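> Numbered per this note's numbering, the sequence shown finishes at 300, counting up by one with no gaps.
The C-beta atom is built at its ideal place from N, Cα and C for all residues, glycine as well.
Since we're looking at a predicted model, the values are computed, not measured.
Pasting a structure below so you can have a look.
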Amino acid sequence: MPVLAGDLAVKTRGEALPEESFNSIKKSDCCLKGPVGQSAYDVIVRLRRDLDLYANIRPAKSLPRVRCIGPGTDLVIVRENTEDLYAGLETANHETATATRMITRKASKRIAKYAFELARIRKNAVTVIHKVNVLRKTDGLFLSACEEIAASYPDVKYSEMLVDAAAMNLIRRPQDFDVLVTTNMFGDILSDEAAQVVGGLGLAASANIGDNFALFEPVHGSAPDIAGKMIVNPTSHVLSAAMMLDWLGRKKKDNETTEASASIRKAVEECLNAGETTQDLGVKLNTLDMGKAIAARVRK
1 MPVLAGDLAV KTRGEALPEE SFNSIKKSDC CLKGPVGQSA YDVIVRLRRD LDLYANIRPA
61 KSLPRVRCIG PGTDLVIVRE NTEDLYAGLE TANHETATAT RMITRKASKR IAKYAFELAR
121 IRKNAVTVIH KVNVLRKTDG LFLSACEEIA ASYPDVKYSE MLVDAAAMNL IRRPQDFDVL
181 VTTNMFGDIL SDEAAQVVGG LGLAASANIG DNFALFEPVH GSAPDIAGKM IVNPTSHVLS
241 AAMMLDWLGR KKKDNETTEA SASIRKAVEE CLNAGETTQD LGVKLNTLDM GKAIAARVRK
């Protein structure tokens with residue numbers, strides 16, 4: 001069931017996430033969120049915080065016939081989603097502004113465990129991204145927590161990398177990565193870089209996952225300058241829905257839902273292979289027509 005949030009909610013209700021919208025989302029099994037505009041922070045940060053959606057998951061996989069700088073890439077960035085500089089612990093006066101970076105062992109171990117469990121069903125490799133040579137206390141704590149969790153996963157290849165080296169290697173050799181786990185702000189920046197490596201934000205899906213609830217969303221913004229022109233690539237949103245169905249299938253132990261997710265992914269790849277795409281990928285289907293092309297292949 002659709003609920004109101006974002007700029008339209010601010011305009012009509014005076015708040016970005018009305019209480020009835022939040023309650024409806026909370027009662028659901030999960031949520032598929034669309035771009036909501038300039039008030040996105042007031043929507044997504046509240047949902048992440050109040051529903052404890054501690055794991056931000058950003059896959060980056062090269063797709064058929066999409067020109068990119070990282071062919072053969074298949075990685076996932078696992079980003080701690082609740083603390084770091086994004087916790088909003090800021091103060092300011094006329095001359096000085098400060099932001100407090102909060103890193104806890106509990107949150108660090110929790111996100112590391114998620115990354116290692118994910119690696120076990122992928123290519124069995126985890127790279128911890130940090131800046132411990134400068135941020136000795138905060139990233140030192142994060143790194144030690146990850147090392148502690150790694151000891152429980154001897155079957156998973158473990159490595160560490162400074163964030164600046166990771167940014168470089170995502171361009172130079174993205175194919176070498178499997179699962180990258182990092183703190184909130186580093187993960188935010190690197191995941192957008194990884195999306196561009198495989199073709200751009202219009203192809204990038206994402207998830208915000210907690211122990212009992214999950215929210216899925218395309219990572220691009222609302223793009224009001226092209227609203228209503230039907231030129232937006234729907235792939236990011238469609239693949240976010242596929243991630244949602246995959247999560248639901250595993251949570252509910254429902255094979256049909258998991259198979260539906262696989263069918264959507266396959267249909268997207270078939271459309272890309274056939275050149276049934278929007279103009280950003282070189283073909284002039286509009287948004288709705290590309291969506292219909294994907295749906296037709298799912299039905300087959």
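#1: According to DSSP, is I103 helix, strand or coil?
#2: Taking the straight line between their C-alpha atoms, what separation do you get for I57 and A92?
#3: Along the beta strand (DSSP E) that carries H130, what are the first and last residues, could you check?
#4: Which word fits S21, buried or exposed, when buried means at least 16 other C-beta atoms lie within 10 angstroms of its C-beta?
#5: For A107 and C146, I'd like the C-alpha separation in whole angstroms.
#6: Taking C-alpha atoms, which residue in G6, L75, D289, T277 lies nearest to Q175?
#7: Hey, out of F213, R67, T100, whose CA is closest to E83's CA?
#8: Please classify F186: does DSSP put it in a helix, a strand, or coil?
#9: Compare the C-alpha of A151 against each of K113, F186, I129 and name the closest.
#10: By how many angstroms is the C-alpha of A227 removed from the C-alpha of V181?
#11: Is it true that the CB of L47 sits closer than 8 Å to the CB of L215?
#12: Please state whether the Cβ-Cβ distance between V66 and A119 is less than 8 Å.
#13: Is the stretch 116-135 close to the stretch 200-217, with three or more CB pairs under 8 Å?
#14: Could you check which residue in I103, R136, L170 has the C-alpha nearest to that of A194?
#15: Would I209 and A241 qualify as a contact pair, given that the criterion is a beta-carbon distance under 8 Å?
#16: Just to confirm my understanding: we take W247, look at its own chain, exclude 5 residues before and 5 after, and list those with CB closer than 8 Å. What are they?
#17: Pick helix, strand or coil for K109, following the three-state DSSP scheme.
Straight from the coordinates:
#1: On the sequence shown, position 103 is the one that residue 103 refers to. DSSP places I103 in coil when its eight states are reduced to three.
#2: Position 57 of the sequence shown, counting from 1, holds the residue named residue 57. Position 92 of the sequence shown, counting from 1, holds the residue named residue 92. Cα-Cα distance, rounded: 32 Å.
#3: For the purposes of this step, residue 130 is taken as the residue at position 130 of the sequence shown. H130 -> beta strand (DSSP E) spans 125-130.
#4: Position 21 of the sequence shown holds residue 21. Classification of S21: buried, given that the 10 Å Cβ count is 16 or more.
#5: To locate residue 107, count along the sequence shown from 1; it is residue 107. To locate residue 146, count along the sequence shown from 1; it is residue 146. Cα to Cα, A107 sits roughly 10 Å from C146.
#6: Locating residue 175 in the sequence shown gives position 175, counting from the first residue. Relative to Q175, the option among G6, L75, D289, T277 whose CA is nearest is L75.
#7: The count along the sequence shown starts at 1 and reaches residue 83 at position 83. When only C-alpha atoms are compared, the closest one is T100.
#8: The sequence position of residue 186 within the sequence shown is 186, counting from 1. Helix at F186.
#9: As a working mapping, residue 151 is identified with position 151 in the sequence shown. It is K113.
#10: In the sequence shown, the residue the question calls residue 181 occupies position 181. In the sequence shown, the residue the question calls residue 227 occupies position 227. Looking at the two C-alpha atoms, the distance is approximately 34 Å.
#11: To locate residue 215, count along the sequence shown from 1; it is residue 215. To locate residue 47, count along the sequence shown from 1; it is residue 47. Against a cut-off of 8 Å, the Cβ pair of L47 and L215 comes out as a contact.
#12: Indexing the sequence shown from 1 puts residue 66 at position 66. Indexing the sequence shown from 1 puts residue 119 at position 119. No, the pair does not count as a contact, with Cβ atoms beyond the cut-off.
#13: no
#14: In the sequence shown, counting from the first residue as 1, residue 194 sits at position 194. The shortest Cα separation from A194 among I103, R136, L170 belongs to L170.
#15: Here residue 209 refers to the residue found at position 209 of the sequence shown. Here residue 241 refers to the residue found at position 241 of the sequence shown. No, they are not a contact pair.
#16: As a first step, residue 247 must be located in the sequence shown, where it is residue number 247. Correct list, in chain order: C30, A207, I209, A214, F216.
#17: As a first step, residue 109 is located in the sequence shown; it is residue number 109 there, counting from the start. Note: K109 maps to helix in three-state DSSP.
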